[in-house]
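Encoded as structure tokens, the structure appears first; notes follow it.
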Amino acid sequence: MSQNIENIVKCRDVSVYYGENKAINSVSIGIEKKSITAFIGPSGCGKSTFLRTINRMNDTIEHCKIEGSVIVDGQDIYDPSVDVVPLRAKVGMVFQKPNPFPKSIYENVAYGPRIHGLASSKSELDEIVEKALKGAGLWNEARDRLNESGTGLSGGQQQRLCIARTIAVEPQIILMDEPCSALDPIATSKIEDLMSELAKEYTIIIVTHSMQQAARVSQKTAYFHLGNLIEYGDTKEIFVRPKDSQTEAYISGKIG
Amino acid sequence: MLLTTYIIIIITGCSLFFIGRNKIVSISKAEDKRPHSLYIYYGFFPAILGIAPSLVLLSLWIGFDDVIFNQMLKNRFPNNLIIDGNQTVLILIAKIQNIASGIIVGKPEQWVISLAEKLIVWRGYSNIMIAISSILLSVTLGYFSLTKIKIEFRARIAVEKLMMIGLVVCSLIAIITTIGIVFSVIFESLRFFRLIPPLEFLTGLTWNPEFEGAARAGSDQAGLSSYGSIPLFVGTFLISIIALSVSVPVGLLSAIYLSEYASKKVRGIFKPMLEVLAGVPTVVYGFFAALTIAPFFRQTGSLIGLDVASESALAAGFVMGIMIIPFVSSLSDDVISAVPQSLRDAALGLGSTKSESIKKVVLPAALPGIVASIILAVSRAVGETMIVVMAAGLAANLSINPLDAVTTVTAQIVTILVGDQEFESAKTLSAFALALTLIVITLILNFFALQIVKKYKEQYE
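Respectively, the protein sequence lines represent chains V and D.
Just so we're aligned, residue 1 is where the first sequence starts under my numbering, counting upward by one.
Just so we're aligned, residue 1 is where the second sequence starts under my numbering, counting upward by one.
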């Protein structure tokens with residue numbers, strides 16, 4: 001069906017172990033470029049773990065072992081020759097709980113461009129910061145308080161600051177790990193609007209607990225259960241005509 | 001006598017507990033109602049009232065009866081006695097007390113013996129009186145509290161109030177003791193400053209305390225005494241700076257290793273080992289410094305043509321630094337580990353290297369806590385005595401050369417107050433003035449440490 005659309009992330013037979021525990025069981029999936037893909041499933045189904053394999057954030061966890069291949073933008077990211085630093089610049093991440101650095105708003109956004117040397121002068125850096133804050137829809141609220149602490153913002157603003165911080169590095173893919181679970185409905189809807197806007201330029205993969213959110217924002221949905229990828233397809237299809245009985249049970253609220 | 005009184009009061013309290021509890025049980029059975037509180041509180045209420053006030057009375061009496069006796073003794077001194085100064089009175093009273101306790105030195109005068117006999121009699125009366133009055137107090141309060149026990153009496157609330165009073169008293173004891181120490185130091189220092197002008201003490205460049213007794217004995221050394229504390233404070237800061245330049249980098253870097261790089265297993269071995277360092281008595285560090293490190297520095301110095309004193313600031317400061325390492329590393333490790341993992345994830349997720357995330361995110365976030373740990377280390381270095389006494393010497397040289405022998409404030413206090421002293425001499429009193437200055441400096445340091453810790457807490461709340 002989607003032969004003409006390029007898959008920017010290709011996972012083949014990916015299994016993840018925490019020590020003896022198998023958290024992900026041989027998952028193969030392709031993620032379309034410049035679209036929103038949602039990972040849904042009950043708690044502990046491995047959707048967050050799987051998300052974190054895409055930018056190797058699982059490296060920070062002791063005893064975590066990964067099998068199979070994850071190809072991002074044509075490169076096997078688990079190849080021993082791969083440097084995680086440029087990989088993570090290419091695959092940015094927004095976390096469940098807003099986690100701005102305890103620095104000023106400006107410094108939060110400027111952090112990424114600084115460590116990757118994206119700006120050669122102060123004015124260039126100012127431009128990058130402004131562009132990123134505009135991209136995250138935070139510019140109007142933050143322009144007059146760039147030197148105030150990022151931790152002083154409201155929860156929704158903090159999460160948008162984290163998104164601004166991520167897009168300041170100009171990644172190709174943005175991973176979002178339940179980005180709205182700590183936010184109220186108004187802040188959530190702002191972030192959802194923002195995601196649809198960002199999907200014009202970036203590939204977004206979002207893990208979410210909320211099926212409504214997945215239905216609202218995503219073009220494709222993957223349903224995980226107990227470390228297995230049960231069903232993957234167009235969001236409209238999955239929510240209207242799930243092929244698998246487990247998916248149907250989850251979506252209709254019988255489990256989860 | 002007093003021990004018996006204590007036991008009687010405790011027994012009274014215990015019986016009050018059972019009487020009170022039984023009383024409420026039988027009342028509630030007779031009236032067929034549940035009391036306001038659990039039965040046990042109706043036992044605690046009379047027990048606490050029966051024990052606590054009498055024990056306080058007893059302790060206060062034991063603490064203060066000597067004051068009253070001393071005054072009574074003083075009033076009975078013979079009229080023709082020549083008294084020069086407060087000292088003689090204190091000595092005479094001590095003599096009388098000793099005789100009363102059966103320690104007789106030499107042949108005391110007749111009036112002293114008769115006063116000692118009087119003191120024995122007074123003590124006897126006083127013990128009987130306090131025993132009777134405290135037991136009476138216990139029984140009266142116990143009886144009074146028992147009469148209050150009724151079905152609707154809120155025993156739990158009453159007990160909670162009494163317990164709170166107990167908590168307040170305990171915290172007051174700590175505060176009052178501290179205030180007492182500070183005031184005693186202040187008063188003795190004021191006496192010192194009556195003899196030596198504060199300006200001379202604070203700005204003088206020579207520290208050479210001598211007994212006034214030497215002058216009276218005709219020693220020609222007496223004229224040389226001077227009380228300029230600058231050399232001591234310079235010595236203190238010189239040694240502290242050496243100690244900090246050892247302990248801060250080593251402690252901080254090991255904290256970073258432990259919290260960020262070490263595996264759980266390595267951390268589990270290293271951290272307790274580092275903390276053992278903190279448990280080694282300072283006197284052990286002292287002879288380590290004096291017997292191992294100082295000769296080592298001296299030999300190394302002579303190899304490269306430097307003249308190192310056998311007791312040097314460098315040796316003392318170096319060993320003191322090693323002693324302080326666990327304070328810096330353990331506290332810093334705690335604050336670095338307390339930086340939320342989410343911040344590390346955020347930094348790594350943006351493509352930081354591990355060292356970038358530590359330098360630019362983790363350490364700045366932990367900085368206030370790290371600074372506080374360093375300030376605590378400073379307080380520790382400034383107050384350290386034993387290593388200095390053993391390894392840096394006692395010569396009050398005004399020198400900032402780490403290879404010289406210097407001395408510190410605390411080491412001087414020790415040498416001044418060890419052995420026989422004259423209470424009224426400027427030399428003895430100077431110890432208090434030094435202590436006061438040191439207390440002020442440490443207080444200022446602690447104040448800053450607390451300010452920083454407070455600021456640090458606000459950041460994450």
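For glycine and all other residues, C-beta sits at the position ideal for the given N, C-alpha and C.
- Considering only F69(D), K95(D), M320(D), the residue with the shortest C-alpha distance to I103(D) is K95(D).
- For the pair I115(V) and F318(D), the Cα-to-Cα distance works out to about 38 Å.
- According to the DSSP assignment, C45(V) belongs to no alpha helix (DSSP H), since it is labelled neither H nor E.
- Counting every other CB atom within 10 Å of its CB across the protein chains shown gives L438(D) a total of 16 or more, marking it as buried.
- For K220(V), the enclosing beta strand (DSSP E) starts and ends at 220-225.
- The DSSP assignment places 39-75 as complete runs of the alpha helix (DSSP H) inside the region 11-85 of chain D, in order along the chain (cut-off: 4 residues).
- With contacts defined as CB atoms closer than 8 Å, T208(V) and A214(V) qualify as a contacting pair.
- F239(V) and P86(V) have their C-alpha atoms some 36 Å from each other.
- S181(V) and P98(V) have their alpha carbons spaced roughly 10 Å apart.
- For the pair Y261(D) and Y41(D), the Cα-to-Cα distance works out to about 54 Å.
- Distance check between I181(D) and each of Y143(D), A391(D), L445(D), V440(D) places V440(D) closest, using alpha-carbon atoms only.
- For T203(V), the nearest beta carbon of chain D is not closer than 8 Å to its own beta carbon.
- When the Cα atoms are used, P53(D) and M163(D) turn out to be separated by approximately 13 Å.
- Exposed is the label assigned to D13(V), since fewer than 16 other Cβ atoms lie within 10 Å of its Cβ.
- 8 Å or more divides the Cβ of V91(V) from the Cβ of N140(V).
- Check the Cα spacing between N25(V) and each of R241(V), N228(V), K254(V), V109(V): the tightest is with N228(V).
- Within chain D, G351 have C-beta atoms less than 8 Å from the C-beta of H116(V), given in sequence order.
- Within chain V, the residues F101 have their CB atoms less than 7 Å from the CB of V361(D), given in chain order.
- In this structure P179(V) is buried. Its beta-carbon is surrounded by 16 or more other beta-carbon atoms within 10 angstroms.
- Annotated three-state conformation of R267(D) is helix, per DSSP.
- With its beta carbon less than 8 Å from one in chain D, Y111(V) belongs to the interface.
- For A255(D), the enclosing alpha helix (DSSP H) has its first and last residue at 230-256.
- From the beta-carbon of T60(V), the residues of chain D found nearer than 8 Å are R344, D345, L348.
- Residue-level contact by beta carbon holds for A89(V) and chain D, with a gap shorter than 8 Å.
- Counting the other Cβ atoms within 10 Å of the Cβ of Q412(D) gives 16 or more, which makes it buried.
- Exclusion of the five residues before and after A435(D) leaves V185, I413 as the residues of its chain whose Cβ lies within less than 7 Å of its Cβ.
- At a Cβ-Cβ threshold of 8 Å, A158(D) and F45(D) count as neighbours.
- For a cut-off of 8 Å, the C-beta gap from I19(D) to L146(D) is around 6 Å, short enough to register as a contact.
- A contact between stretches requires three or more CB pairs, one per stretch, nearer than 8 Å, and the region 264-280 of chain D meets this requirement with the region 326-341 of chain D.
- Between the C-alpha atoms of G251(D) and I325(D) there is a straight-line separation of about 5 Å.
- Apart from the 5 residues on each side of it in sequence, I71(V) sits with its Cβ closer than 6 Å to the Cβ of K10 in its chain, given in chain order.
- By the Cβ neighbour-count rule, C170(D) is exposed, with fewer than 16 other Cβ atoms within 10 Å of its own.
- By the neighbour-count definition (other C-beta atoms within 10 Å, threshold 16), T408(D) is a buried residue.
- Using beta-carbon distances, K97(V) counts as an interface residue toward chain D, with a partner under 8 Å.
- With respect to chain V, the C-beta atom of E260(D) has no partner C-beta closer than 8 Å.
- A straight line joining the alpha-carbon of R165(V) with that of N401(D) spans about 51 Å.
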